[in-house]
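Below is one structure; the comments refer to it alone.
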Amino acid sequence: MKVAVRFLLDTNIVSHVARFPQGEVATRIAEIGESHVCTSIVVASELRYGAVRKGSERLSRRIEAVLSALEVLACEEPADRRYAELRVDLERRGAPIGPNDMLIAAQA
Numbered sequence: 053m054k055v056a057v058r059f060l061l062d063t064n065i066v067s068h069v070a071r072f073p074q075g076e077v078a079t080r081i082a083e084i085g086e087s088h089v090c091t092s093i094v095v096a097s098e099l100r101y102g103a104v105r106k107g108s109e110r111l112s113r114r115i116e117a118v119l120s121a122l123e124v125l126a127c128e129e130p131a132d133r134r135y136a137e138l139r140v141d142l143e144r145r146g147a148p149i150g151p152n153d154m155l156i157a158a159q160a
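Spelled out as structure tokens, the structure:
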């Protein structure tokens, strides 16, 4: 039985594709196939925030173009429970990460 692998792209990767649409990362995504990649609503929010903050219509258009080609996953169960478990585990280890990164990791 073949298992379908999907990759959840983080903010840095989606941002790179928006800035370099013909670059190596975009080429690799095309090779894998867009149906095998997705991103998080958290990533979409971070990217849109960055574009608004920068005041760049060009960047906003590029981000929207990339996001329109990807499935953007909503944050829903069981990601909320996984977030709680992950946060407690990282805090106990003394290695917390940012809340947005934890949400993205919980979705993955």
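Add 52 to the 1-based position in the sequence shown for my numbering, that's all there is to it. For each residue, glycine too, the CB sits at the ideal point set by N, CA and C. Just so you know, these numbers come straight off a predicted model, no measurement behind them.
### Message
Looking only at its chain, what residues have a beta carbon closer than 8 Å to the beta carbon of Leu142, apart from the 5 residues adjacent to it on each side?
### Response
What you label residue 142 is simply residue 90 of the sequence shown in a count that begins at 1. Excluding positions up to five away in sequence, the list reads Pro148, Ile149 and Met154.
### Task
Please classify Val89: is it buried, with 16 or more other beta-carbons within 10 angstroms of its beta-carbon, or exposed?
The residue given as residue 89 occupies position 37 in the sequence shown. So Val89 ends up on the buried side.
### Query
Is the segment 57-67 touching the segment 90-110 in the sense that three or more CB pairs, one from each, lie closer than 8 Å?
yes
### Message
With the cut-off set at 9 Å, would you say Gly102 and Ser67 are in Cβ contact?
### Response
Mapped onto the sequence shown, residue 102 falls at position 50. Mapped onto the sequence shown, residue 67 falls at position 15. Yes. Within cutoff.
### Query
With 16 as the cutoff for other CB atoms within 10 Å, does Arg114 come out buried or exposed?
Here the question's residue 114 lines up with position 62 in the sequence shown. Its Cβ being crowded by 16 or more others within 10 Å, Arg114 is buried.
### Query
What do you get for Glu98, buried or exposed, if any count of 16 or more other CB atoms within 10 angstroms of its CB means buried?
Working through the sequence shown from its first residue, we reach residue 98 at position 46. With 16 or more other Cβ atoms within 10 Å, it is buried.
### Query
Is DSSP giving Ser92 helix, strand or coil here?
Within the sequence shown, the letter at position 40 stands for residue 92. Note: Ser92 maps to strand in three-state DSSP.
#### Entry: Inter-residue spacing [alpha-carbon to alpha-carbon] between Val118 and Val69
Numbered from its first residue, the sequence shown carries residue 118 at position 66. Numbered from its first residue, the sequence shown carries residue 69 at position 17. So the two alpha carbons sit approximately 7 Å from each other.
#### Entry: Whole-angstrom C-beta distance between Ala158 and Tyr135, which should lie under 8 Å
One-based indexing of the sequence shown puts residue 135 at position 83. One-based indexing of the sequence shown puts residue 158 at position 106. Correct: roughly 4 Å between the Cβ atoms.
### Query
Which runs of the alpha helix (DSSP H), 4 residues or longer, sit entirely within the segment 133-160?
151-159
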